[in-house]
Each structure stands twice: as C-alpha cells, then as structure tokens.
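Enquirer: Right, I'll just put the structure down here and ask away after.
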Amino acid sequence: MAENKQNALLWAIGGVLIILGVIYFSVTGGSTSAIKIGVLAPLTGEAASYGAMVQKAYDLAVSQLNDAGGVNGKQIQLIYEDTKCDGATATTSAQKLVNVAGVKFILGGTCSGETLAAAPITQEARVLLLSPTATSPDITTAGDLVFRTYPADDFEAKLVADYAVGHNLLRAAIISENTDFAQGVRNAFKTSYQGELVFDEAYNTGETDFRALITKMRAANPQMVYVSAQTNVSGELILKQIQESGMNAGVFAVNSMLDRRAIAANASLYEETVMAEVQLPTEGKAVAMLVAFEDAYGSASEFPAFTASAYDAVYLLAEAIAAVGEDPEAVAGYFSYQVVDWPGILGTFNFDENGDAEVELTLVQAVGGQIIPLAQ
C-alpha cells in the first residue's frame, strides 16, 4: 500500500511538471525544436510606433525564413518583451529573456537607453545582443557580444555639423531631450561642430511647453537649430513652437523624426527640416522587401531605413546560426570576421571592431510632405 501511494505521488508530481512545462512553453512561445530569439522593443508608451515598426519587420523576416524551412531544420520563434523605451523596464525584460526564457540571442533594444540597460545583463550571461535601431555612441563600448546594424549617432552628428559649417551656418543652437539617445547626438554634435554653439539646453521627457527655451534660444540669434528629441512626440511640438516664435534659422533634426506618415500629415511643420538617414537602394531586394512589408501590413513603412535594418538583423542572425550553430560566441565571431561587404537590404555593410555597422548615411530634407536627398 505504501509503495502504491509513493508511485501515485510520483505520477502526480510528474503530471504537474508536465503541465507546468506546457504552460511555460505556451507563454514564452518556446519549443524544443525551435530557435528561440528574444526581442526587446517598446510595444507601448511614447515610442510604441518604433516598437510596432521593428516588430513588423522582425515578424516578416521570420515568417519568410520559416516558410523556407527555417534554420538548420528548426523554426525561429520570437519571444517579445515590452520595454516601453525605459531602461529600468528593459533591465527586467532582459533578465526574463535570459533567466526564464533561456534565449541565447536577443534582437534589440529599439531605443538606446533600453539597449544600454540590457547590455550588462546579456554580457554577463554571454547572450548575443543585436540592435537594429539603437544609435547611442555609448553602445560602441557596451560589450563584445553587442552588435548593431544601423550607424551610431557620431556619424549622423558629424554629417550635420560638417554640412552646417560648410554652408556658413556658424552659430548653432541645440535643444535636446534628457535620454541616452538624444544626449548622445547632442554630445557628438558638440564634439564635431566647428562653429560657435550659442545655445545648448535640455528638457525632460513629457514636457510640452518649450516657449521659454525657444525665446531664450531666439535671443542667442542662431543660424541653425538642431532638435534632438527621443521621439517625434516632443519633436513636433518643438518644431511647431519654433515656427510660432518666428525664428529665422535652419532647422535640423535627429533620425527619430523621420516618420513618413507624420511628415506627410504635417508637411508645413516639417518643411525644409534636414535629417540624416541611410538611403535604401532603389531597386532589387530593397524594393521587394518594402513591397512585401506593405502587402503584409496594408501600408508602407513609416521608417523604411529602420525597417530594413530590423529585417537585415534577422537575416544576418539566421545566416550566422546556420553557419556556426547556436553558440553566441561563435555567432559573434562570424559577425566580426565573416561578414564582409554583406549585401543587406539596408545596403552593403561590415561590422567594425566594436560591433558597429559601417553603413553610409545621407542628409535628407522634408519637402512637400516627402523626404528627398538634400541638395549639396
């Protein structure tokens, strides 16, 4: 009788463990026959439009790969964590992906702050982190398993600074949000700009009234204004209030303001604003990807370059896993030594010694609700 009770207890425990396992894999999307890849992205909050954009690009690429047979006979499964573009949230999200879901690879973050928050966790666990959109210069030194497929802000800021000086815009003002991304651009611009910086003020996320700052900025009589906003939520308010002030200065803005839908809807607000972006090839697989994106989701991407970067990140990671297996160290080695003039949707690129993508940026301008290359 005692033996029967013991056997019954063992069967009961076994049944509970099986149920818990089913629940866990149902919640995380896990499967023993799948390659699990974590994703850090702002799916809610002020930066949710960026999160939705990269999610669509990731899902499109994974769907195509899985339909073609997956990677080494396995399907890819993405496990999403909502970071809200917040460092503290991203820390918790990264810990869940590493310690609970047990992923070896993470796509993201989307924002620089969340990427910098996640990097110490992934580095310690020796999990590879690949971001398609985080551009803070600080990510360059975040770790040997941290890579990105979009150029760092140093390049954008230098491009803007050199253009300004080359066109005799020798008195600059910069207004920047207190975030890792926006301050990264600000610092890089200050380093590169060879004119006189006559105004340099920051604001906190959530502020909506910039009139006092703009009045002060206007009194400094700048020839150009560089708006470094985390998202176009505050960025558009600044553009609007600059216009209302009657300030006569050239306006430049960071890549977070490149939302095609917002620019088309608010053409007069963005008119002649200069920004920097990777220009996609106008033929071949870049066009095919954008068409596939529009077919899948019913509308064109608001951020075509960032969409291409996210899409490329999935394909690049899949190629590396197919070549060297599911060891993050081996994949990092593949990125560092085997990715040479890689033909991505974003263009042909390489990784430098710090895991940063070497891709060319171009200055563009909003004209009539469209983004066009800036006439040099």
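Numbers given in the working numbering equal positions in the sequence shown, counted from 1, plus 2.
Note that beta-carbon positions come from the ideal geometry of N, C-alpha and C, so glycine has one too.
1) In whole angstroms, what separates the C-alpha of Ala154 from that of Ala43?
2) Among Thr207, Glu360 and Gly53, whose alpha-carbon lies nearest the alpha-carbon of Gln232?
3) Below 8 Å on the Cβ atoms is my guess for Ala320 versus Val73; work out the distance and round it to an integer in Å.
4) Can you tell me whether Thr309 is buried or exposed, with buried defined as 16 or more other CB within 10 angstroms of its CB?
5) Using only alpha-carbon positions, find the residue among Pro224, Tyr52, Ala63 and Ala120 that is nearest to Ile347.
6) At the level of alpha carbons, what is the spacing between Thr117 and Gln245?
7) Quick check: the Cα distance between Gly237 and Gly110, rounded to an integer number of angstroms?
8) Reducing DSSP to helix, strand and coil, say where Val24 ends up.
9) I need the straight-line Cα distance from Gly1 to Ala359, nearest angstrom please.
10) Given a threshold of 16 other Cβ atoms within 10 Å of its Cβ, counted over all protein chains shown, does Asn250 qualify as buried or as exposed?
11) Can you give me the C-alpha to C-alpha distance between Gly370 and Ala377, rounded to a whole angstrom?
12) Since Ala312 and Pro134 should fall inside the 8 Å C-beta cutoff, what is the C-beta to C-beta distance between them, to a whole number of angstroms?
13) Mind checking who Thr85 pairs with in its DSSP beta bridge?
14) Mark Tyr339 as exposed unless 16 or more other C-beta atoms lie within 10 angstroms of its C-beta, in which case mark it buried.
15) Would Phe201 and Lys218 be called neighbours here (beta carbons separated by less than 9 Å)?
16) Would you report the Cα separation of Glu331 and Leu292, rounded to the nearest angstrom?
17) From the DSSP output, which residues share a beta bridge with Asp314?
18) Given a cut-off of 9 Å, decide if Met226 and Ala174 are closer than it, judged by their beta-carbon atoms.
19) State the beta-bridge partners of Pro345 as determined by DSSP.
20) Taking DSSP's pairing of strands, which residues face Arg213 in a bridge?
21) Can you tell me the Cα-Cα spacing of Ala307 and Gln281, whole angstroms?
22) Within 10 angstroms of its Cβ, does Leu19 collect 16 or more other Cβ (buried), or is it exposed?
23) Can the beta-carbon of Thr256 be found closer than 9 Å to that of Ala204?
24) Could you give the distance in angstroms between the alpha-carbon of Asp51 and the alpha-carbon of Ser95?
Expert: Taking the definition as stated:
1) Your numbering for residue 154 matches position 152 in the sequence shown. Your numbering for residue 43 matches position 41 in the sequence shown. Each residue's alpha carbon lies about 18 Å from the other.
2) Indexing the sequence shown from 1 puts residue 232 at position 230. When each option's Cα is compared against that of Gln232, the closest is Thr207.
3) Here residue 320 refers to the residue found at position 318 of the sequence shown. Here residue 73 refers to the residue found at position 71 of the sequence shown. Contact check for Ala320 and Val73: beta-carbon distance about 5 Å, within the 8 Å limit, so the pair qualifies.
4) By one-based count along the sequence shown, residue 309 stands at place 307. By the neighbour-count rule (16 or more Cβ atoms within 10 Å), Thr309 is buried.
5) Here residue 347 is taken as the residue at index 345 of the sequence shown, counted from 1. When each option's Cα is compared against that of Ile347, the closest is Ala63.
6) As a working note, residue 117 is residue 115 in the sequence shown. As a working note, residue 245 is residue 243 in the sequence shown. Distance between the alpha carbons of Thr117 and Gln245 is about 34 Å.
7) Numbered from 1 along the sequence shown, position 235 holds the residue referred to as residue 237. Numbered from 1 along the sequence shown, position 108 holds the residue referred to as residue 110. Our two residues, Gly237 and Gly110, have alpha carbons roughly 23 Å apart in a direct line.
8) Numbered from 1 along the sequence shown, position 22 holds the residue referred to as residue 24. Confidence at Val24 is low in this model, with a pLDDT of 35, below 50, so the placement of that residue is unreliable and no value is reported for it.
9) Past the edges of the chain, shown from 3 to 378, lies residue 1, and the structure says nothing about it.
10) Taking the first residue of the sequence shown as position 1, residue 250 is located at position 248. It counts as exposed.
11) Sequence index remark: in the sequence shown, residue 370 carries index 368 (1-based). Sequence index remark: in the sequence shown, residue 377 carries index 375 (1-based). Going by the C-alpha atoms only, they are around 15 Å apart.
12) Position 310 of the sequence shown, counted from the first residue, corresponds to residue 312. Position 132 of the sequence shown, counted from the first residue, corresponds to residue 134. Indeed they touch by this definition, with Cβ atoms about 4 Å apart.
13) Taking the sequence shown and counting its residues from 1, one reaches residue 85 at position 83. DSSP output for Thr85 lists no bridge partner at all.
14) Here residue 339 refers to the residue found at position 337 when the sequence shown is read from its first residue. Within 10 angstroms of the beta-carbon of Tyr339 lie fewer than 16 other beta-carbons, which makes it exposed.
15) Within the sequence shown, numbered from 1, the residue matching residue 201 stands at position 199. Within the sequence shown, numbered from 1, the residue matching residue 218 stands at position 216. A contact, by the Cβ cut-off of 9 Å.
16) Looking up residue 331 in the sequence shown gives position 329. Looking up residue 292 in the sequence shown gives position 290. Whole-angstrom Cα-Cα distance: 32 Å.
17) One-based indexing of the sequence shown puts residue 314 at position 312. Looking at the DSSP assignment, Asp314 forms no beta bridge with any residue, so it has no partner.
18) Against the sequence shown, residue 174 aligns to sequence position 172. Against the sequence shown, residue 226 aligns to sequence position 224. In this structure, Met226 lies closer than 9 Å to Ala174 by Cβ.
19) Within the sequence shown, residue 345 is the residue found at index 343, counting from 1. Paired residue(s): Thr350.
20) Residue 213 sits at position 211 when you count from the first residue of the sequence shown. BP columns for Arg213 are empty, so no partner.
21) Within the sequence shown, numbered from 1, the residue matching residue 307 stands at position 305. Within the sequence shown, numbered from 1, the residue matching residue 281 stands at position 279. Their backbone Cα atoms lie some 7 Å apart in a straight line.
22) Position 17 of the sequence shown, counted from the first residue, corresponds to residue 19. Its pLDDT being 34, under 50, Leu19 is placed unreliably in this model, and the coordinates cannot settle the point.
23) Within the sequence shown, numbered from 1, the residue matching residue 256 stands at position 254. Within the sequence shown, numbered from 1, the residue matching residue 204 stands at position 202. One detail in the question is off: residue 256 reads as Val in this sequence, not Thr. No, these two residues do not count as a Cβ contact at 9 Å.
24) Walking along the sequence shown from the start, residue 51 turns up at place 49. Walking along the sequence shown from the start, residue 95 turns up at place 93. It should be noted that the sequence gives Ser, not Asp, for residue 51. Each residue's alpha carbon lies about 19 Å from the other.
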